[in-house]
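Below is one structure, written out as structure tokens; the observations come after it.
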Amino acid sequence: MNSKFTTRKWLGVLALGILEVLAPVSPSARAQAGAQAAAPPPAPQTPPARVTLDEAIDLALKHNHSLQAARTTILQNQAQEITANLRPNPTLLGDAQFLPIFQPSNFSGTYLDDNAQFDVGVSYLFERGKKRQHRLEAAKDATAVTAAQVDDNARTLTFNVASQFISVLLAQSELNLAEQDLDSFQKTVDISQASFNAGSMSGADLLKIKIQLLQFQMDVSAAKLGRVQALASLRQLLGYESVPESYEVVGDLEYKPVNLGEDDLKAMALKQRPDVRAAQLGVTAANSQFTLAKADGKQDVTAQANYTHIGLNTASLFASMPLPVFNRNQGEIARTRYAIAQSQELSSEQSSIALTDVVNSYEGLRTADEVVTLYQSGYLKQAEDSRDISQYAYQHGAASLLDFLDAERSYRATELAYRQALANYMTSLEQLRQAVGTRSLP
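This is the structure:
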């Protein structure tokens, strides 16, 4: 039996006994407490070991430390909203005058009642111009801008995760290709060794083939290293603790043709991109600051009520307000007016950047699509056929070793280039999604 489990059970029984002495315990409460004492602790959640692209993006949005740090700025702004909505605190006043400190013999109840003066009062600052309401509105607008900026951070993170995920898929595909080529070429080496043993192949040709085998083995080692490094970089984006060290990705390099209209994509980008929205909200926030600056130009009134005792009990009322002769907050009003113009220009510039991103990514996707289509139109099959024909001819003495090795290198280069073209296409599609501001494209 588990010692920790036994200890927890006896501690629960002991606790029940103490409670019996201090207060009566009902049978149902005793049964519930015993069950809680005997229940084993919940098992910790195991991080996923196989991750799809959508799961990777979800993990990153939940666990990426940089994004989590950025999200705290929203909470900080919301706390500033509380500060902006606070009213001024009242001020408590009090004093005692004409006390016979240097003539202690005069201290008496009669003296204090007839000659000493005691004042108690309360003052309060009444804000004019709806300053508190304007402060709160400006703080809320600043929070909205911050939230949009954090959403833009999430958009960038999503693209980085998707791009790195594709890099892992490419590394895995290159590793699979290298292992297949090594296995295939190893069979050629075995056949060549048998031919050499039978006396139908020279030692020089056998040596050339074995040297070529070294290149295949080096390709496998390089592909394994690339896969490990790609997985490590992806894990950092996901949140180091969100997946185990030995995790794997699920997916393949694939070509899915997408028919999209550039004008529709531009309209979607202007509507959905969070950085464009943040720039537009910046104009609203600048207007709120301008309104607050004008409100701050209004002079506040301080009201005070005093109770005074000096022989008699009296009350006094005071009110004070600065005269707006020199300082009417002119400088801040002018600055915030210029800030509105600055925000409008920045908003227009951000819209132009979004449209440019859509154009560039759209053309990039079209170019990548053309490259993949070229490979699939026949070049990939031709390279494979050329390799197979050269291999068959070489094994039957109808082709030279040089022709066979050249066909093998051409096939490997074509296969690698095709896989890279697929990865470039998928990355270009992710760039278009980032430019538009959504992963759901029509």
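Numbered according to our numbering, the sequence shown terminates at residue 442, and the numbering increases by one at each position without gaps.
The C-beta atom is built at its ideal place from N, Cα and C for all residues, glycine as well.
| field | Residue interval of the alpha helix (DSSP H) (run including G261) | value | From DSSP, G261 is part of no alpha helix (DSSP H); its letter is neither H nor E.
| Which partner residues does A315 have in the DSSP bridge list? | DSSP lists Y307 as the bridge partner or partners of A315.
| Where does S163 sit, in a helix, a strand or coil, going by DSSP? | If DSSP states are grouped into helix, strand and coil, S163 belongs with the helices.
| query | Residues bridged to Y124 by DSSP? | reply | A303
| query | Between A293 and the ligand HEM, is the CB less than 8 Å from at least one heavy atom? | reply | Judged by which ligands are present, the structure shown has none, so any question about the ligand HEM falls away.
| Residue from N106, L125, N64 with nearest C-alpha to L92 | Considering only N106, L125, N64, the residue with the shortest C-alpha distance to L92 is L125.
| Residues sharing a beta bridge with Q97, DSSP | Q117
| said: Quick check on the DSSP output: the alpha helix (DSSP H) that includes P274 runs from which residue to which? | reply: Where P274 is concerned, the enclosing alpha helix (DSSP H) stretches over 274-296.
| message | On the criterion of 16 or more Cβ atoms from any shown chain inside 10 Å, does S108 qualify as buried, or is it exposed? | response | exposed
| query | Given that a residue counts as buried once 16 or more other Cβ atoms are within 10 Å of its Cβ, and exposed if not, what is E415? | reply | Label assigned to E415: buried.
| query | Just how far apart, CA to CA, sit A303 and V122? | reply | 8 Å
| task | Indicate the three-state DSSP secondary structure (helix, strand or coil) for E248 in the structure shown. | result | strand
| Helix, strand or coil: which one does DSSP assign to V359? | It is helical.
| query | Across which residues does DSSP place R50 in a beta bridge pair? | reply | In DSSP, R50 forms a bridge with E248.
| request: State the DSSP-derived secondary structure class of T438, mapped to helix, strand or coil. | output: coil
| task | Using 10 angstroms around the beta-carbon of D275, count the other beta-carbons present and answer buried if the total reaches 16, otherwise exposed. | result | buried
| task | Check whether the segment 138-149 touches the segment 262-279, counting contact only when three or more Cβ pairs, one atom from each stretch, lie closer than 8 Å. | result | yes
| said: Considering only the alpha carbon of each residue, which of A79, S233, D141, P322 lies closest to G297? | reply: P322
| field | Which residues DSSP lists as bridging T91, in chain order | value | S123
| message | Once the 5 residues before and after T73 are set aside, which same chain residues still bring their CB inside 6 Å of it? | response | T146
| request: Count the other C-beta atoms from every protein chain shown that fall within 10 angstroms of the C-beta of L207, then say buried if there are 16 or more, exposed otherwise. | output: exposed
| field | Separation of V250 from Q32, as counted between CA atoms | value | Residue placement at Q32 is flagged as unreliable, the pLDDT there being 49, under the threshold of 50; the coordinate-derived value follows with that caveat. Rounded to whole angstroms, Q32 to V250 spans 45 Å at the Cα level.
| field | Proximity winner among R128, M201, E262, relative to D300 (alpha-carbon distances) | value | R128
| task | For L312, count neighbouring Cβ atoms within 10 angstroms of its own Cβ and tell me buried if that reaches 16, exposed if not. | result | exposed
| said: Let's test the definition: count the other Cβ atoms within 10 Å of the Cβ of F102 and tell me whether it reaches 16, buried, or not, exposed. | reply: Exposed, by the Cβ-count rule.
| request: For the segment 64-81 and the segment 149-161, state whether three or more C-beta atom pairs, one from each stretch, are separated by less than 8 Å. | output: yes
| field | Whole-angstrom distance between R132 and D141, CA atom to CA atom | value | 14 Å
| field | Buried or exposed by the 16-neighbour rule on C-beta atoms within 10 Å, applied to D181 | value | buried
| request: Would you decide whether G331 is buried or exposed? Buried here means 16 or more other CB atoms lie within 10 Å of its CB. | output: exposed
| said: For A35, which residues in the same chain have their Cβ closer than 7 Å to its Cβ, ignoring the five residues on either side in sequence? | reply: With a pLDDT of only 45 at A35, under the threshold of 50, the placement of this residue in the model should not be trusted, and no figure is reported.
| message | Distance check for Q215 and Q193, CA to CA, integer angstroms please. | response | 18 Å
| Residues near E384 by beta carbon distance below 7 Å, same chain, minus five either side | Y411
| Alpha-carbon to alpha-carbon, L237 and N160 | In this structure, the CA atom of N160 is about 8 Å from the CA atom of L237.
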